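Residue numbers (this note's numbering): 665 to 949.
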């Protein structure tokens with residue numbers, strides 16, 4: 665019997681109703697479903713309840729009911745377990761999601777018939793050092809961002825790749841993204857769109873104070889080191905725009921390809937470029 669973990673963003677309109685529909689459909693097809701406590705309370709099904717952190721102990725697949733942000737959080741939380749993830753979009757763009765609520769019956773049937781493919785998406789690992797001591801380690805599917813505070817002056821990010829100083833980016837900050845993250849904040853800051861099956865990292869400056877400062881692409885096999893400098897201490901570090909911490913002048917961040925990957929469930933007939941045309945360019949595939 666296939667066990668499916670259902671992760672739900674309770675803040676999305678209609679999320680709990682859709683969760684009820686999904687549980688009904690999956691159980692009709694002979695699947696076991698596990699849910700978080702607030703979903704179990706809504707359904708009146710306490711026997712289905714597990715802590716989210718316990719999902720990998722039982723589930724073979726994870727369904728994520730929400731938007732891209734919800735999926736990114738699940739990708740970070742479960743990256744070490746190699747669990748395939750199906751995104752069901754309740755957000756605005758839903759670039760990472762593969763299914764829409766109105767397509768639930770077909771989506772469930774595709775999953776149970778094995779009519780899908782798996783995409784292994786590169787993640788990046790970022791380690792934060794302060795005065796030689798490692799403070800934090802993150803694994804992210806989209807990007808990490810170093811940025812000045814709301815009212816503060818520019819910051820400098822001295823960037824080294826493979827031990828060589830490539831340049832010092834001066835401006836509002838710096839984004840380092842995966843190919844998956846190339847269609848997120850990096851794209852808004854002028855970075856390129858990159859096919860998700862390529863192993864590389866994208867360095868995109870934010871509002872650079874130089875006309876010659878441009879995005880760069882480096883091999884996913886390289887190790888990147890970024891050293892922070894500024895005349896103030898209002899500097900932030902974020903992961904996927906969701907979690908992070910304050911930075912200090914002199915902090916160093918080491919970035920490399922993560923040993924983990926996010927495994928996304930995709931339909932055989934869909935392609936990355938179809939999604940780009942439809943969701944970013946407003947064209948029909």
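Here a beta-carbon is modelled for each residue, glycine too, at the ideal position from N, C-alpha and C.
Since the structure is predicted, the reported quantities are computational estimates derived from the model, not experimental observations.
For residue 945, same chain residues with a beta-carbon under 8 Å away, outside a window of 5 residues either side, do not exist. With contact defined as three or more Cβ pairs closer than 8 Å, the region 771 to 790 and the region 816 to 836 are not in contact. Contact between residue 825 and residue 888 holds: CB atoms are separated by about 5 Å, below the 8 Å threshold. In the structure shown, residue 903 adopts extended strand secondary structure according to DSSP, grouped into three states. Residue 767 and residue 727 have their C-alpha atoms some 14 Å from each other.
Within the same chain, Cβ atoms closer than 7 Å to the Cβ of residue 884 are found at 786, 863, 864, 865, 921, the five residues on either side in sequence being excluded.
The alpha-carbon of residue 762 is positioned some 15 Å away from that of residue 670. In the DSSP secondary-structure assignment, residue 803 is bridged to 789. Judged by DSSP in its simplified three-state form, residue 774 adopts helix.
Closest in C-alpha terms to residue 836, from the list 853, 844, 843, 842, comes 853. Rounded to whole angstroms, residue 903 and residue 803 show a C-alpha spacing of 8 Å. Of the other Cβ atoms in all chains shown, fewer than 16 fall within 10 Å of the Cβ of residue 937; this residue is therefore exposed.
Between the C-alpha atoms of residue 691 and residue 817 there is a straight-line separation of about 56 Å. Assignment of residue 941 by DSSP, reduced to helix, strand and coil, places it in the helix class. In the three-state DSSP reduction, residue 759 falls in the coil class, being neither helix nor strand. Residue 725 is a Cβ neighbour of residue 747, given a cutoff of 8 Å. Uninterrupted alpha helix (DSSP H) stretches at least 4 residues long and entirely within the region 694 to 773 occur at 701 to 707, 719 to 722, 732 to 742, given in chain order. If one requires a minimum length of 3 residues, the beta strand (DSSP E) runs lying completely within the region 844 to 920 are 864 to 870, 880 to 883, 888 to 894, 899 to 903, 907 to 911, in chain order.
Judged by DSSP in its simplified three-state form, residue 933 adopts coil rather than helix or strand. Judged by DSSP in its simplified three-state form, residue 798 adopts strand.
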